[in-house]
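See structure below.
There are 2 protein chains.
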Amino acid sequence: MKQKAINGWVKTISVPTPSLQNNTADAERVLAALKPALATGNVSIDLDLLRILPGLIRTAGNEFNCVLSCRNDHWTVIDMAPVSDPAPVGAAIDLGTSRVVLQLVNLVSGDVLAESSFDNPQYTIGPDILARIHYAAEPGGLAALQALIVDSLNGELAGLCQSCGFEPDAVLLTAVAGNTAMTHLFMGLDPQWIIREPYIPVVNRPDLLKAADLGLKLNPRTRVFIFPNIGSYFGGDLIAGILYAGLHNQEETSIMVDVGTNAEVVLGNRNWLIACAGAAGPALEGGVTKMGMLAGPGVIDQVQRVPGSTKLRVSTIDDLPPVGICGSGVIDLAAALFMSGRLDIRGKLVPEKCAGRIRYEAELAHFVLVNGEDSGTGRDLTISQADLDSLIRSKAAMYTILETISQSVGTALSDLASFYVAGTFGSFINPRAAISIGMLPDLPLTAYQSLGNSSLGGTIHYLKHAACLAEIDSIRDSITYLELNVNQDFMNRFSAAKFLPHTNAGLFPSVVREES
Amino acid sequence: MKQKAINGWVKTISVPTPSLQNNTADAERVLAALKPALATGNVSIDLDLLRILPGLIRTAGNEFNCVLSCRNDHWTVIDMAPVSDPAPVGAAIDLGTSRVVLQLVNLVSGDVLAESSFDNPQYTIGPDILARIHYAAEPGGLAALQALIVDSLNGELAGLCQSCGFEPDAVLLTAVAGNTAMTHLFMGLDPQWIIREPYIPVVNRPDLLKAADLGLKLNPRTRVFIFPNIGSYFGGDLIAGILYAGLHNQEETSIMVDVGTNAEVVLGNRNWLIACAGAAGPALEGGVTKMGMLAGPGVIDQVQRVPGSTKLRVSTIDDLPPVGICGSGVIDLAAALFMSGRLDIRGKLVPEKCAGRIRYEAELAHFVLVNGEDSGTGRDLTISQADLDSLIRSKAAMYTILETISQSVGTALSDLASFYVAGTFGSFINPRAAISIGMLPDLPLTAYQSLGNSSLGGTIHYLKHAACLAEIDSIRDSITYLELNVNQDFMNRFSAAKFLPHTNAGLFPSVVREES
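Protein chains in written order, with this note's numbering: chain C, 1 to 516; chain G, 1001 to 1516.
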């Protein structure tokens, strides 16, 4: 996350004029000029660039910006242009299962030039990755899924370039991060073994690819870097996130949590990294990210207690009359109800404390958050005991995962220096509320840092810092993947975490209820 | 030249079945299995191969032949097939200015499967390379020249494959050697700066290329290795020749001479290599390789003296009545005439010794080799004093080059362990005759070794020995290129070499004329 001076993929060189004394080939004179900038002689020049090189270096002066790519310690010059030409461009792509986000970056200055996002068009095949993987196994299915994402990327990239006033062939480097299944579909690789025991991707560490080989309509010389995965459940989006957070560079132990389609956790420091994901995720997914509705106009994203009152104040997106509630709002609400004694330590509504705001439907208690006359729908906005039970399971699963991974390396959650929360979850969640219900550990609020889209952040980082290539390999190679076994220990911890904030209240000293 | 056991580009591996304990990706399990065979982990798998990999390793057993390519210390798996499948194939191509020669090789056994050759179709644009380079500078010219050679290679390769009973996509590796201009035209690289001072190729060391990027219709995964050049006048065909001769591996100093379109000489041993080419070539080209006619049916390729007689016995190709004489025949004839006193030490015909076989046309003496009644044309076959003068200039140029290069490193020609003669010149020339006229140094005949098509030999060597990649780079990097300056010293040596066998007869102790 820390801003560094850009030391990226563009190197400026001066190409010496040939003479009878220095009559090495054009290519070799360019490579010799690059050698000091790269500290290696392991460089070659793209064939298509060789085809225009003699004319270029004889007509366009001596000073050039070279755009390079690198893989396996070998560099390739993919573009050369006079330093006076417009800067070359990179495209950063976060390939999400639901949403795809793109940014264009000036490869010389590192400035972000434009951003856009769109719904993953594979959604029409199946909203979740499982449905898509099954579809990929049908005849023509994989090709259709690949075409969907590639075509929409082509359209989006063309539009973004046009908005910046250049052609798509100005884009010379592309960095892509996504979960393992998404990157497989993007590369046209058969994903079916990802979801069958023993859960095997086709590839962990994709080679550097040519955009044209993937069907991307950029420069024929454009290279595409795809962040490596660790396995079926731990994708390149997470590696990109770790790179972006800088977890792997810090002396103190920190944790990163990403709740997207899946819940993934990475714990570590500059000496070691341990990660887990997935197995305990469904409760969390079904709870936090799917409960209520997605964030949108009129959706309640924050709930606060009015000091000295039992009243609750809701905030909605765009300040419109409330029409529903999203995940962060549910966590806020549960925290507010618990802290004021209207939810007991088992997460059950306490009718006698709710002062007429309880309503029963088919014997199921509902808490009325907003009355019909104040809502944007004309109907009461409520949260049911079933919704709350689901939240309790989710928060217990989350805390259990955090506890399990930290106990596996002998670290106490209370010792963590930083707690990075990635993604939409991280952007909207109120750590104070999440601590109150025991979803997140009781750390000082200053330890919590929201990363935003850390997967996109990692791809941007790649485009700006050539040296991070080695870091990415090192992150991938150093991560220990912890298989979460849902065994008796895990279930015991899960049961203990199903209380508010926890069976062991001593773990949450800052959570003190007004009324208990 | 020495046969080694094949240790080539095909490695046999056993791919472990995935399990929950070893759940790395398919690609990574293949790469791990390859690591011991390659002694490096720097390997990746071609994207197109990744696309079929999961099915392959789950349906075709565990034992596979992997075809690899390598460049810059990074290996790429380009094909995998069950060991029971037919062996993968390599194509070796000698890209000559006049003639192109191809062989198909079994990449597992190293056996040559088929060979063919065809006239370089760029001949229709210009018989010599200069005309083609000028044509390449015209609009569309370069593309047309490239298409000519690529199209004819495609046709020839398809035919050769058909004759062997497989499809062109069985060809997975291709090795190409040619002079610098020819390889530039093959790659579609602008050759115009090759012939303009300071004589600069576009590239010395081409990258490993995909056949498809060159327009070759082989397997989409086929890689093409193009032998590197040292400069405009010293091409990859010569590097291939050195590799084939093994000059760079020998303790004793040897020399290799290749007279093709150009005359090129390499001198050296395992510690150093020095080369020169071109500048003194035209006389030799015009003389030895173009005098008379090209070898063909009825052409005199050998002339021998009948012992104890002044009669000459001619041998013709296919034993047909003689219709002309080719280079090796001219050298034999000149040697026979000189050894029998019919040519003086200046190379002039001695009429009084020629016993009625001299005829004058426009005051120019002609020696009648075959009478009209014995020839295949019905006319006398003669050689004129002008032809002989041209031969003398050629042989003097050749000897001067050999002397100049060996003197430059303080080696006496008489100290050479081996004298390799490459190409058609080497296949047909009679070293004894060439020594007699002072064209080649007076070494024991056992020192002379004919290499045949050493450029093709080098490409075959590449296909059979993966380790030679480092040797090729090392040959290229270690050669000192000697610019032949036609200065006073050179001219003095040239003048001295214009006598038969030489002004300093002490250099040729074995040449003792019957009559002097």
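The beta-carbon is built from N, C-alpha and C at its ideal position, and this holds for glycine as well.
Every value quoted in this text rests on a predicted model; they were computed, and no experiment measured them.
Going by the CB atoms, is the gap between residue j and residue i shorter than 7 Å?
i, j, result
"residue 87 of chain C", "residue 108 of chain C", "yes"
"residue 329 of chain C", "residue 370 of chain C", "no"
"residue 1464 of chain G", "residue 1006 of chain G", "yes"
"residue 239 of chain C", "residue 266 of chain C", "no"
"residue 1254 of chain G", "residue 1416 of chain G", "yes"
"residue 332 of chain C", "residue 219 of chain C", "no"
"residue 1074 of chain G", "residue 72 of chain C", "yes"
"residue 1339 of chain G", "residue 1398 of chain G", "no"
"residue 1236 of chain G", "residue 1183 of chain G", "yes"
"residue 336 of chain C", "residue 437 of chain C", "no"
"residue 8 of chain C", "residue 466 of chain C", "yes"
"residue 33 of chain C", "residue 52 of chain C", "no"
Could you round the C-beta distance between residue i and residue j to whole angstroms and report it? I think they count as a contact, below 8 Å.
i, j, result
"residue 249 of chain C", "residue 223 of chain C", "Actually they do not touch by this definition, with Cβ atoms about 26 Å apart."
"residue 1187 of chain G", "residue 31 of chain C", "In fact, because the Cβ distance is near 17 Å, the residues do not count as touching under 8 Å."
"residue 404 of chain C", "residue 490 of chain C", "6 Å"
"residue 1123 of chain G", "residue 23 of chain C", "Actually they are not in contact, since the Cβ atoms of residue 1123 of chain G and residue 23 of chain C sit about 29 Å apart, beyond 8 Å."
"residue 1458 of chain G", "residue 1244 of chain G", "4 Å"
"residue 1089 of chain G", "residue 1172 of chain G", "7 Å"
"residue 149 of chain C", "residue 481 of chain C", "Residue 149 of chain C to residue 481 of chain C, Cβ: 27 Å. No contact."
"residue 104 of chain C", "residue 164 of chain C", "6 Å"
"residue 1325 of chain G", "residue 1298 of chain G", "That pair is no contact at about 10 Å."
Can you give the Cα-Cα distance for residue i and residue j, rounded to whole angstroms?
i, j, result
"residue 1145 of chain G", "residue 1226 of chain G", "18 Å"
"residue 1197 of chain G", "residue 1256 of chain G", "27 Å"
"residue 1011 of chain G", "residue 1081 of chain G", "11 Å"
"residue 367 of chain C", "residue 354 of chain C", "8 Å"
"residue 1190 of chain G", "residue 1130 of chain G", "13 Å"
"residue 1387 of chain G", "residue 1327 of chain G", "11 Å"
"residue 477 of chain C", "residue 1423 of chain G", "52 Å"
"residue 176 of chain C", "residue 95 of chain C", "7 Å"
"residue 360 of chain C", "residue 215 of chain C", "56 Å"
"residue 506 of chain C", "residue 91 of chain C", "48 Å"
"residue 289 of chain C", "residue 451 of chain C", "Residue placement at residue 289 of chain C cannot be trusted, given a pLDDT of 38 that sits under 50; the coordinates are not used to answer."
"residue 1277 of chain G", "residue 1040 of chain G", "39 Å"
"residue 497 of chain C", "residue 396 of chain C", "5 Å"
"residue 106 of chain C", "residue 17 of chain C", "29 Å"
"residue 1195 of chain G", "residue 26 of chain C", "14 Å"
"residue 1128 of chain G", "residue 1054 of chain G", "51 Å"
"residue 1479 of chain G", "residue 1273 of chain G", "5 Å"
"residue 1210 of chain G", "residue 1321 of chain G", "49 Å"
"residue 1508 of chain G", "residue 1400 of chain G", "14 Å"
"residue 141 of chain C", "residue 147 of chain C", "10 Å"
"residue 29 of chain C", "residue 44 of chain C", "11 Å"
"residue 134 of chain C", "residue 192 of chain C", "7 Å"
"residue 1486 of chain G", "residue 1493 of chain G", "10 Å"
"residue 1365 of chain G", "residue 1154 of chain G", "50 Å"
"residue 426 of chain C", "residue 119 of chain C", "20 Å"
Can you name the residues that DSSP bridges to residue i?
i, result
"residue 1012 of chain G", "G/1065"
"residue 1103 of chain G", "G/1092 and G/1115"
"residue 302 of chain C", "C/315"
"residue 495 of chain C", "In the DSSP output, where bridge partners are listed per residue, residue 495 of chain C has none listed."
"residue 449 of chain C", "C/420"
"residue 1224 of chain G", "G/1174 and G/1209"
"residue 361 of chain C", "C/364"
Chain G contacts from the segment 186-198 of chain C (Cβ-Cβ distance under 8 Å)
187, 188, 189, 190, 192, 193, 197 and 198
In chain order, what residues of the segment 1009-1020 of chain G put their CB closer than 8 Å to some CB of chain C?
1018, 1019 and 1020
What are the residues in the segment 1065-1090 of chain G lying within 7 Å of chain C by C-beta distance?
1072 and 1074
If you measure beta-carbon to beta-carbon, which residues of the segment 210-244 of chain C are closer than 7 Å to chain G?
213 and 231
For the segment 1036-1048 of chain G, which residues have a CB atom closer than 9 Å to at least one CB atom of chain C, in sequence order?
1042, 1043, 1044, 1045, 1046, 1047 and 1048
Closer than 9 Å, Cβ to Cβ, to anything on chain C: give me those residues from the segment 1047-1062 of chain G, in chain order.
1047, 1048, 1050, 1051, 1052, 1053, 1054, 1055 and 1058
Contact list for the segment 143-158 of chain C against chain G, Cβ threshold 9 Å:
none
Positions along the segment 310-337 of chain C whose CB lies within less than 9 Å of some CB in chain G:
none
Beta carbons nearer than 8 Å to chain G: which residues of the segment 372-388 of chain C have them?
none
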